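This report concerns only the one structure given below.
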Amino acid sequence: MNVMNNDVMIHPKALVETDDIGEGTRVWAFAHVMAGAKIGKHCNIGDHSFVETGAVIGDQCTIKNGTMIWEGVTLGEGVFVGPNVLFTNDLIPRSPRLPDARTRYAEKKNWLVPTKIERGVAIGAGAVILAGITIGEYAMVAAGAVVTKSVPPHRLVIGFGARVSGFVCRCGHSLQFHAKSAICKKCKTRYSSTKEGIRASVSRKS
Amino acid sequence: MNVMNNDVMIHPKALVETDDIGEGTRVWAFAHVMAGAKIGKHCNIGDHSFVETGAVIGDQCTIKNGTMIWEGVTLGEGVFVGPNVLFTNDLIPRSPRLPDARTRYAEKKNWLVPTKIERGVAIGAGAVILAGITIGEYAMVAAGAVVTKSVPPHRLVIGFGARVSGFVCRCGHSLQFHAKSAICKKCKTRYSSTKEGIRASVSRKS
Amino acid sequence: MNVMNNDVMIHPKALVETDDIGEGTRVWAFAHVMAGAKIGKHCNIGDHSFVETGAVIGDQCTIKNGTMIWEGVTLGEGVFVGPNVLFTNDLIPRSPRLPDARTRYAEKKNWLVPTKIERGVAIGAGAVILAGITIGEYAMVAAGAVVTKSVPPHRLVIGFGARVSGFVCRCGHSLQFHAKSAICKKCKTRYSSTKEGIRASVSRKS
């Protein structure tokens, strides 16, 4: 049923124009990946999603349906992007076709504001990520959140403005810190909280 | 212009892989219904929508454009799902391709959390419905709401966290209760409020 | 790669059924424009977008991916509609296929509530616009906002309920008023604030 090229699965109703796509990656129906987009290995790109020229997606990412990964957005390894998550790359949008906006769009790409999503982050359904933000390793963004500032690693953020409401493990489960250390009840990874941030203090056994 | 099979209308640019779809149902352009999805009679499945294997849609439902009905989501009869409404089925998402998430996704479908939407419910544009919730008969969810807990029948809920802001009739119009009874000004249905909940006390005349 | 008819560019994977589309307009992959929709000149209609019969889009508009422009929605010239922006046209939705909703949908289009977006407005990613609203010239709606009431010209609105948080120039940059006048630091347009509203008091030099 699906077209296989170089160990990439492209659904016959998808449109893939890039050559820079890693082995084991699958692209589903009605998805559109533009020329010049870069996608890693073993990713899953859901139905009706869109990956723009200049976007970068790391290995092992899961891109759910209906998402758009614009130029200026970089996803690290193993990022989960929920359905209809919205990235942005222009903080002061106007129609570039409108004469009044001529000064803004006259210089090439001076409006482009990059966004960086680090390894293992998960972004819940329908969250909106303002341009210019970094979301740190293994952070989790709740469904429907509007993220207006950067998020440090391993935080859970919720709501409009996306305030921090807790900590999460690499595996996703919540973490409770006592005396600057925590152990995940699910996967047993140990963490310590230092000036430098939250670190897994014992290597995982998986 | 459209393909008719067994009284089901499938737009030539739709992709329908299930056989379990009721008569009189219409599926529009760029929609994708997977094998193993179950859709009732006389439904309307809008453009760019997605119905996953294992999803269940009752008779007479209206599924507006861009929605995704995942495995684990069950819609009763006559449900209205507005454009880009987002269901979810995993409360602690991680990319299953990420080695750190191996413990979470090792056991088959232990992450799957079901959602139930009862008869006659209407969900406004862009609302996000957290997994594990039941929305009771004829409730209405305002556009843009993020629903984080179950909603009893005939309630109108709005905003982030979706607080109850009123009552609605089967026909959709607001209800004002006086001394535990109400009558809809639009369709004249009568209701009583008892310990068991809100009930239509006189059968409708339609 | 793309089909050109009468100076309109239609991507081979788009579906355009209207004849009323202006020169220089481009329609991208998996977009669907229905018969009877009206689209002006030099517009850009993004991937996976949907323009319904009866919708009206002015010249020079930028419609980003995944948006739906319904019957009842009118966009002026040079409007920017961000990705997955949600318009609505029914304030009390029910599935019209549900017998309980018969009274509501019995009369033709009595449920239809129009929305008007004026010249130069920009609507950020994922914003929800309630039916019945007018958004005034050059106003800006922040990403993720839920707009529940009309917005005067040149305002910036943010959040749920979309409160006014500032003023914006035609070109998009913020404006600071002093003694009822302001000058844009970016494009040098001058404004005065009078009883009639905010006016550009000196014609722009662009």
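Protein chains in written order, with the working numbering: chain A, 1 to 206; chain B, 207 to 412; chain C, 413 to 618. The beta-carbon is built from N, C-alpha and C at its ideal position, and this holds for glycine as well. Source: prediction; values computed, not measured.
Would residue i and residue j qualify as a contact pair, given that the criterion is a beta-carbon distance under 9 Å?
{"i": "residue 304/B", "j": "residue 60/A", "result": "yes"}
{"i": "residue 290/B", "j": "residue 496/C", "result": "yes"}
{"i": "residue 126/A", "j": "residue 372/B", "result": "no"}
{"i": "residue 145/A", "j": "residue 155/A", "result": "no"}
{"i": "residue 150/A", "j": "residue 136/A", "result": "yes"}
{"i": "residue 500/C", "j": "residue 483/C", "result": "no"}
{"i": "residue 399/B", "j": "residue 388/B", "result": "yes"}
{"i": "residue 299/B", "j": "residue 124/A", "result": "yes"}
Nearest by alpha-carbon distance to residue i: which of the options is it?
{"i": "residue 443/C", "options": "36/A, 48/A, 28/A and 110/A", "result": "48/A"}
{"i": "residue 143/A", "options": "157/A, 62/A and 7/A", "result": "157/A"}
{"i": "residue 37/A", "options": "120/A, 55/A and 26/A", "result": "55/A"}
{"i": "residue 164/A", "options": "53/A, 153/A, 88/A and 63/A", "result": "153/A"}
{"i": "residue 584/C", "options": "117/A, 170/A, 101/A and 184/A", "result": "101/A"}
{"i": "residue 269/B", "options": "241/B, 234/B, 387/B and 302/B", "result": "234/B"}
{"i": "residue 26/A", "options": "124/A, 118/A and 45/A", "result": "45/A"}
{"i": "residue 592/C", "options": "518/C, 535/C, 609/C and 536/C", "result": "609/C"}
{"i": "residue 287/B", "options": "240/B, 406/B, 323/B and 298/B", "result": "323/B"}
{"i": "residue 119/A", "options": "67/A, 190/A, 92/A and 57/A", "result": "57/A"}
{"i": "residue 374/B", "options": "223/B, 401/B and 382/B", "result": "382/B"}
{"i": "residue 185/A", "options": "310/B, 321/B, 393/B and 354/B", "result": "310/B"}
What did DSSP end up calling residue i once you bin it into helix, strand or coil?
{"i": "residue 397/B", "result": "strand"}
{"i": "residue 328/B", "result": "strand"}
{"i": "residue 182/A", "result": "strand"}
{"i": "residue 361/B", "result": "strand"}
{"i": "residue 437/C", "result": "coil"}
{"i": "residue 405/B", "result": "strand"}
{"i": "residue 300/B", "result": "coil"}
{"i": "residue 650/C", "result": "Only positions 413 to 618 of chain C appear in this structure, which leaves residue 650/C out of reach."}
{"i": "residue 285/B", "result": "coil"}
{"i": "residue 477/C", "result": "coil"}
{"i": "residue 499/C", "result": "strand"}
{"i": "residue 413/C", "result": "In this prediction, residue 413/C has a pLDDT of 40, which is less than 50 and means its spatial position is unreliable; what the coordinates show is noted afterwards. Three-state DSSP puts residue 413/C in coil, outside helix and strand."}
{"i": "residue 166/A", "result": "strand"}
{"i": "residue 469/C", "result": "strand"}
{"i": "residue 255/B", "result": "coil"}
{"i": "residue 352/B", "result": "strand"}
{"i": "residue 18/A", "result": "coil"}
{"i": "residue 175/A", "result": "strand"}
{"i": "residue 32/A", "result": "strand"}
Please confirm whether residue i has its beta-carbon closer than 9 Å to some beta-carbon of chain C.
{"i": "residue 204/A", "result": "Model confidence at residue 204/A stands at a pLDDT of 49, short of 50, so the residue's coordinates are unreliable; what they give is reported in the following sentence. Taking Cβ atoms only, chain C never reaches closer than 9 Å to residue 204/A, which makes this a no."}
{"i": "residue 219/B", "result": "yes"}
{"i": "residue 360/B", "result": "no"}
{"i": "residue 84/A", "result": "yes"}
{"i": "residue 366/B", "result": "yes"}
{"i": "residue 102/A", "result": "yes"}
{"i": "residue 405/B", "result": "no"}
{"i": "residue 396/B", "result": "no"}
{"i": "residue 78/A", "result": "no"}
Check the Cβ-Cβ distances between residue i and every residue of chain B, and say whether any is below 9 Å.
{"i": "residue 106/A", "result": "no"}
{"i": "residue 506/C", "result": "yes"}
{"i": "residue 575/C", "result": "no"}
{"i": "residue 547/C", "result": "no"}
{"i": "residue 62/A", "result": "yes"}
{"i": "residue 50/A", "result": "no"}
{"i": "residue 34/A", "result": "no"}
{"i": "residue 486/C", "result": "no"}
{"i": "residue 9/A", "result": "no"}
{"i": "residue 540/C", "result": "yes"}
When you compare the CB of residue i with every CB in chain A, is at least one pair closer than 9 Å?
{"i": "residue 441/C", "result": "yes"}
{"i": "residue 352/B", "result": "yes"}
{"i": "residue 588/C", "result": "no"}
{"i": "residue 225/B", "result": "no"}
{"i": "residue 272/B", "result": "yes"}
{"i": "residue 467/C", "result": "no"}
{"i": "residue 304/B", "result": "yes"}
{"i": "residue 373/B", "result": "no"}
{"i": "residue 502/C", "result": "no"}
{"i": "residue 544/C", "result": "no"}
{"i": "residue 551/C", "result": "no"}
Distance cutoff 9 Å, beta carbons only. Does residue i sit that close to anything in chain E?
{"i": "residue 582/C", "result": "Looking at the structure shown, chain E is missing, and the protein chains on hand are A, B and C."}
Within 8 Å, do at least three Cβ pairs link the segment 243 to 261 of chain B to the segment 225 to 232 of chain B? Segments in contact, yes.
Check whether the segment 65 to 81 of chain A touches the segment 310 to 325 of chain B, taking contact to mean three or more Cβ pairs, one atom from each stretch, closer than 8 Å. Contact between the segment 65 to 81 of chain A and the segment 310 to 325 of chain B is absent, because fewer than three Cβ pairs lie under 8 Å.
- Message: Counting beta carbon pairs with one atom in the segment 536 to 547 of chain C and one in the segment 419 to 426 of chain C, are three or more of them shorter than 8 Å?
- Response: At 8 Å Cβ cutoff, the stretches do not touch.
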